Every structure is written in structure tokens, then in C-alpha cells.
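Colleague: Let me give you the structure first, and then I'll get to my questions.
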Amino acid sequence: MAQTIFVLNGPNLNALGKREPGIYGGKTLKDIEADCKSVGESLGFVIDFRQSNHEGVLVDWMHEACDTAAGVAINPGAYGHTSIALHDAIRAISVPVVEVHISNIHAREEFRHKSMIAPAAKGMICGFGPYSYILALHALKSITQ
Ligand SMILES: O=C(O)[C@@H]1C=C(O)[C@@H](O)[C@H](O)C1
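Heads up, the sequence shown is in our numbering, so the first residue is 5 and it goes up one at a time.
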């Protein structure tokens, strides 16, 4: 039976492809979704790929994942640096969560260096471009056997 993995995306990630391509690359979120679904299938996962610009929606999806998914990969966007609500949502659920960032947040502006959710997550992958998502799927495979 294939396991479902939620891949959640936060604010402004719907603009990938147009948004600062020098930092985030030229792939659209649709391109990344296709990559995740293809690799996910090879790992025995069904990928439920979603994006919202709204913090509370992401919190609601985190709770939903607890009931219906084996794990979560989340690129929280800027909410990664600010959201106690997402931190608490991750602590509230029993499935593993991997934080993903396309860019290396530690090599950027100071305000991006801190993650509010990494301490609650299983781990974080950042800086490998869109491939960061693929690495997160492999990480989830290794801990959801
Ligand atoms: O690299 C990324 O995917 C993250 C995406 C964003 O939208 C930023 O607010 C984060 O600071 C970095």
C-alpha cells in the first residue's frame, strides 16, 4: 500500500519561475510538483502537493497530515522564520516533518538565518535548489520504512 506524503508550500512559492530566479531558479512550482510526484512514485509514495499564502491554512493541513499521511515535507516560505503556530502544529502531530528551503537560508540576510520550525521538525534541507524537495522525500523514505 503506497504511503501518502504531504508536500506543503507557503507564501510566494506560487510565484516561482518569475520570482528572483537568481535565488530560486527558473522552475515553477508546477515543475517542482511534477518532479516530486515522479520521484515520490519511485519511492512508493503518493504525493499530496499543496500551496497556500495563508499561515492558518498551512496549520490546518499539518493537522490533516497527522490523520492521513505518513510524513510531511514543508517549504514554509517566510513563515519558516516567524511562525510559532507552525512550530506548535508540528509538535502537535505524530508524523515526521522535514523542513525544506530552495535557497541556503544561512547564506542570505540575517533575518532568514533563524527557523522557527526547524527545532520541531525531524530535520531541515536547504540550499540545493528545487532538488531540496527530492532530498526531503528520500529523507522521509529513510524514516518511514
Ligand atoms: O529558499 C526558500 O525556499 C525560502 C522561500 C522563501 O519564500 C523565503 O521567504 C525563505 O527565506 C527562503
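Even glycine gets a Cβ: it sits at the ideal position worked out from N, Cα and C.
No experiment lies behind these values; they were computed from the predicted model shown.
For M5, does the count of other Cβ atoms within 10 angstroms reach 16, so buried, or fall short, so exposed?
Modeller: By 1-based counting over the sequence shown, the position of residue 5 is 1. Counting Cβ neighbours within 10 Å, M5 comes out exposed, since fewer than 16 surround it.
Colleague: Ignore the nearest five residues each way along the sequence and tell me which others in A122's own chain have a CB closer than 6 angstroms to its CB.
Modeller: For the purposes of this step, residue 122 is taken as the residue at position 118 of the sequence shown. Counting only Cβ-Cβ distances below 6 angstroms, and skipping sequence neighbours, we find E103 and M128.
Colleague: Express the C-alpha separation of V11 and D52 in angstroms, rounding to a whole number.
Modeller: On the sequence shown, position 48 is the one that residue 52 refers to. On the sequence shown, position 7 is the one that residue 11 refers to. One C-alpha to the other measures close to 6 angstroms.
Colleague: Leaving out five residues on either side along the sequence, give the residues of the same chain with a beta carbon under 6 angstroms from the beta carbon of K22.
Modeller: On the sequence shown, position 18 is the one that residue 22 refers to. Hits under 6 angstroms: none found.
Colleague: Alpha carbon to alpha carbon, how far is K145 from C40?
Modeller: What you label residue 145 is simply residue 141 of the sequence shown in a count that begins at 1. What you label residue 40 is simply residue 36 of the sequence shown in a count that begins at 1. Near 13 angstroms, if we compare the C-alpha coordinates of C40 and K145.
Colleague: Count the other C-beta atoms from every protein chain shown that fall within 10 angstroms of the C-beta of A140, then say buried if there are 16 or more, exposed otherwise.
Modeller: Position 136 of the sequence shown holds residue 140. A140 is buried by the Cβ-count criterion.
Colleague: Would you say the beta carbon of C70 comes nearer than 8 angstroms to a heavy atom of ligand 1?
Modeller: The count along the sequence shown starts at 1 and reaches residue 70 at position 66. Not under cutoff, so the answer is no.
Colleague: Taking just the CA atoms, how far does L17 sit from H105?
Modeller: Residue mapping note: residue 105 aligns to position 101 of the sequence shown, counting from 1. Residue mapping note: residue 17 aligns to position 13 of the sequence shown, counting from 1. Computed Cα separation, rounded: 11 angstroms.
Colleague: Could you check the C-alpha separation between G14 and A82 for me, to the nearest Å?
Modeller: As a working mapping, residue 14 is identified with position 10 in the sequence shown. As a working mapping, residue 82 is identified with position 78 in the sequence shown. Straight-line Cα distance between these residues: approximately 7 angstroms.
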